[in-house]
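Visitor: I have a structure I would like to understand better, so I am pasting it below and will then ask my questions one at a time.
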Amino acid sequence: MSAARVHPAVERMDGVDAGFLYLETPAVHMHTLKIAILDPDEHLNYDSFVSGTLARLRRLPPMRRRIVPIPFGLNHPMWVTLNRINPKRHMFRHRVPGDGTMRDLEVLIGRIASTQIDRRFPLWELHYCEGLADGRVAIVGKMHHALADGAAANALLGNVTDVRSAAVPPAPDDVFESTDKIPGRLWLMKRALLDAIVQIVLLPALILRTVRGLFAAGRYRRTSGRDVPLPVLHAPRTSFNKSLTAPRSFATVTLPFGDVKRIRAQQEGVTVNDVVLAVVSGALRRWLVAHDERPSRSLTAGVPIGADESGSAPRLGGNRISNMFTTLATDIDDPIERLLHISRTSSSAKQIQRHMGLELMTDWGQFMPPSVLPIVVRAYSRTKGASLHAPAFNATVSNVPGPREPVSIGGARLSDVFSVGPLADGIGLNVTVWSYVSKLNFSLLACSDLLPDVEVLASYFPAALAELDLEPEVVSSATTAEDNPDEASA
Numbered sequence: 018m019s020a021a022r023v024h025p026a027v028e029r030m031d032g033v034d035a036g037f038l039y040l041e042t043p044a045v046h047m048h049t050l051k052i053a054i055l056d057p058d059e060h061l062n063y064d065s066f067v068s069g070t071l072a073r074l075r076r077l078p079p080m081r082r083r084i085v086p087i088p089f090g091l092n093h094p095m096w097v098t099l100n101r102i103n104p105k106r107h108m109f110r111h112r113v114p115g116d117g118t119m120r121d122l123e124v125l126i127g128r129i130a131s132t133q134i135d136r137r138f139p140l141w142e143l144h145y146c147e148g149l150a151d152g153r154v155a156i157v158g159k160m161h162h163a164l165a166d167g168a169a170a171n172a173l174l175g176n177v178t179d180v181r182s183a184a185v186p187p188a189p190d191d192v193f194e195s196t197d198k199i200p201g202r203l204w205l206m207k208r209a210l211l212d213a214i215v216q217i218v219l220l221p222a223l224i225l226r227t228v229r230g231l232f233a234a235g236r237y238r239r240t241s242g243r244d245v246p247l248p249v250l251h252a253p254r255t256s257f258n259k260s261l262t263a264p265r266s267f268a269t270v271t272l273p274f275g276d277v278k279r280i281r282a283q284q285e286g287v288t289v290n291d292v293v294l295a296v297v298s299g300a301l302r303r304w305l306v307a308h309d310e311r312p313s314r315s316l317t318a319g320v321p322i323g324a325d326e327s328g329s330a331p332r333l334g335g336n337r338i339s340n341m342f343t344t345l346a347t348d349i350d351d352p353i354e355r356l357l358h359i360s361r362t363s364s365s366a367k368q369i370q371r372h373m374g375l376e377l378m379t380d381w382g383q384f385m386p387p388s389v390l391p392i393v394v395r396a397y398s399r400t401k402g403a404s405l406h407a408p409a410f411n412a413t414v415s416n417v418p419g420p421r422e423p424v425s426i427g428g429a430r431l432s433d434v435f436s437v438g439p440l441a442d443g444i445g446l447n448v449t450v451w452s453y454v455s456k457l458n459f460s461l462l463a464c465s466d467l468l469p470d471v472e473v474l475a476s477y478f479p480a481a482l483a484e485l486d487l488e489p490e491v492v493s494s495a496t497t498a499e500d501n502p503d504e505a506s507a
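Numbering (the working numbering), first residue to last: 18 to 507.
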């Protein structure tokens, strides 16, 4: 065997991964969604999809992992990599309701997103959705955030090259051991205490790094002269910033990547992420005005950012993320000034995160108390605590680079791919952007009891992009999925 790294069949969950388990309640679901829209293909059907996916589970190691809790919450749970999985527990078949439009599919996806994943089994589901009017098929992957963040999910997608070929592709470089035996309670408790001792030894160095990072970030904040919003203190209340309920609604919109790049080039120092934030801001301004509730203070955004080291090998699982907090500048009327203000603030927010250390949140995740935190979180959710105070921020906005070349799955061409992360309690809107070749695909997930018309919000995105463009092309290809469900990738 080459220099491959062997993973034990039983290993401790990282604290940051376990944290997504602790934050979950009946109303707050911690799964992510990945939606692949496939062009019609005579060889692709539900049975071939199931058999082909099962044949490739060696290339998808997180999909064979289930969690085993530790008695009395002595430490974070263990991952156990199973030899096999039961497809009936993970793969489901649906027919898109109504006329089979993209909007009908979005309604179905909202229903899929509204239920939790059963923790007794590996934390994923695949939903095969047929019956779209144009003959296409949608594959909805539902994966718990404890398994993978956006970067790892992108790597997993790259490992699914074909689901009907009889030839099983080679296993990944990392070899994952597996087992059918679940550890006993005594073994779990002994291992938990030994691992806790190792964690405690690392704590003094982490505290020192944290203090240094906080001082460095505070010094930068004082000397930069830029006002970066702070969680809770600077986020106004809106109708979608209350305690969550279980139902979810979902919508999509596709914008041309070329238009976004052209806008970025028109303004010095502006990034693609800045343009994405400005588009979200413009759409939210329109939605707030339509609902007669635009606050005088700007809405703020929580932006997940990757904490992987530059040049590191792709991960097939786990989370290496941090969060920065920035403005959406919804209090600024002029769209160009709004974009520039977002860019300046986001640049400062990134510097603050770098001074603190991108890995700090991940490292502190090891010390979350497994026996206490879930109880506190459930009590907070049950008593509607998020409705009693201002939110940490108003919306999550995430941007994940997807495939740059056209992809085929099961012989069928991947027409579109969408992705969205979970909602946090008190923050009833998540906007996730996943690029695919020449398109930026926006996915909007909302708590339907707080934001019931998420498809209306999505419809404002093309106009929000257009108002940022100083040199618009004669013909714009910006569409919502509802306007043009047959749009094909370049």
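Positions of the beta carbon are idealized from the N, C-alpha and C atoms, including for glycine.
All of these numbers come straight from a predicted model, not from anything done at the bench.
1. So does the stretch 475-489 actually touch the stretch 300-314, counting three or more Cβ pairs closer than 8 Å?
2. Under the three-state reduction of DSSP, which class applies to H161: helix, strand or coil?
3. G299: which of I338, A346, E285 sits nearest, CA to CA?
4. Let me know the secondary structure DSSP gives L377 once reduced to three states.
5. Mind checking K51: buried by the 16 CB within 10 Å criterion, or exposed?
6. Within 10 angstroms of its Cβ, does R281 collect 16 or more other Cβ (buried), or is it exposed?
7. Can you check the stretch 232-301 for any beta strand (DSSP E) of at least 3 residues that lies completely inside it and give the ranges in chain order?
8. Going by beta carbon distance, what residues of the same chain come within less than 7 Å of E194, once the five residues before and after it are set aside?
9. According to DSSP, is M18 helix, strand or coil?
10. Considering Cα atoms alone, identify which of G201, L261, G152, N92 is closest to I214.
11. When you compare the CB positions of V414 and V277, do they come within less than 9 Å of one another, or not?
12. For D486 and G323, what's the separation of their Cα atoms in angstroms?
13. Can you tell me the Cα-Cα spacing of T178 and I426, whole angstroms?
14. Residue range of the alpha helix (DSSP H) that G32 falls in?
15. Is it buried or exposed for V228, if we count other Cβ within 10 angstroms and need 16 for buried?
16. Are three or more beta carbon pairs between the stretch 28-45 and the stretch 419-438 nearer than 8 Å?
17. Considering Cα atoms alone, identify which of L377, A150, E142 is closest to V157.
18. So if DSSP puts W141 in a beta bridge, which residue, or which two residues, is it bridged to?
19. If you count every other CB in all the chains shown that lies within 10 Å of the CB of S360, and 16 or more means buried, which is it?
20. If you run the structure through DSSP and keep just helix, strand and coil, what is N62?
21. Roughly how many angstroms separate the alpha carbons of R208 and S256, rounded to a whole number?
22. Quick check: A409 and A441, are their CB atoms within less than 9 Å of each other?
23. Determine, using beta-carbon pairs with one atom in the stretch 95-115 and one in the stretch 62-82, whether at least three such pairs fall under 8 Å.
24. For E147, which option in L55, V417, V289, A463 has the closest C-alpha, if you only look at C-alpha atoms?
25. With distances taken between CB atoms, is the gap from R265 to C464 smaller than 9 Å?
26. Distance check for Y39 and P94, CA to CA, integer angstroms please.
27. Within 9 Å of any Cβ in chain B, is that where the Cβ of V277 sits?
28. Going by DSSP in three states, N171 sits in which element: helix, strand or coil?
29. If you compare alpha carbons, which of N103, H48, D58, R83 is closest to S68?
30. Which ranges does the alpha helix (DSSP H) cover as unbroken runs of at least 4 residues, wholly within the stretch 83-159, from first to last along the chain?
31. Please specify which runs of the beta strand (DSSP E), each continuous and at least 3 residues long, are wholly inside the stretch 302-360, giving them in chain order.
32. Take G382 and list the residues in its own chain whose beta-carbon comes closer than 6 Å to its own, dropping the five residues that flank it on each side.
33. Under a Cβ-count criterion, where at least 16 other Cβ atoms within 10 Å of its own Cβ denotes burial, should S388 be classed as buried or exposed?
34. Out of V393, V293, V85, S432, state which residue places its alpha-carbon closest to the alpha-carbon of E484.
35. If the criterion is Cβ atoms closer than 9 Å, does the pair N411 and T271 meet it?
Guide: In terms of the structure at hand:
1. Three or more beta-carbon pairs drawn from the stretch 475-489 and the stretch 300-314 are found closer than 8 Å, and the two stretches are therefore classed as touching.
2. strand
3. A346
4. helix
5. buried
6. buried
7. 265-273
8. V23, H24, P25, A26, T98
9. With a pLDDT of only 35 at M18, under 50, the local geometry of the prediction cannot be trusted, and no value is derived from it.
10. N92
11. Taking C-beta atoms as the reference points, V414 and V277 fail to come closer than 9 Å.
12. 28 Å
13. Only weak support exists for where T178 lies, its pLDDT of 42 falling under 50; the value from the coordinates is given anyway. Going from the Cα of T178 to the Cα of I426 covers about 6 Å.
14. 32-39
15. exposed
16. no
17. E142
18. M160
19. buried
20. DSSP places N62 in coil when its eight states are reduced to three.
21. 46 Å
22. yes
23. The stretch 95-115, when compared against the stretch 62-82, does touch it at the 8 Å Cβ threshold.
24. Nearest of L55, V417, V289, A463 to E147, Cα basis: L55.
25. yes
26. Between the alpha carbons of P94 and Y39 lies a distance of about 11 Å.
27. No chain B appears in this structure, which consists of one protein chain only.
28. Residue state, collapsed to three classes: helix.
29. N103
30. 119-130, all fully within the stretch 83-159.
31. The stretch 302-360 is shown to contain whole beta strand (DSSP E) runs of 3 or more residues at 317-323, 338-344, in chain order.
32. G32, V33, G36
33. Counting Cβ neighbours within 10 Å, S388 comes out exposed, since fewer than 16 surround it.
34. V293
35. no
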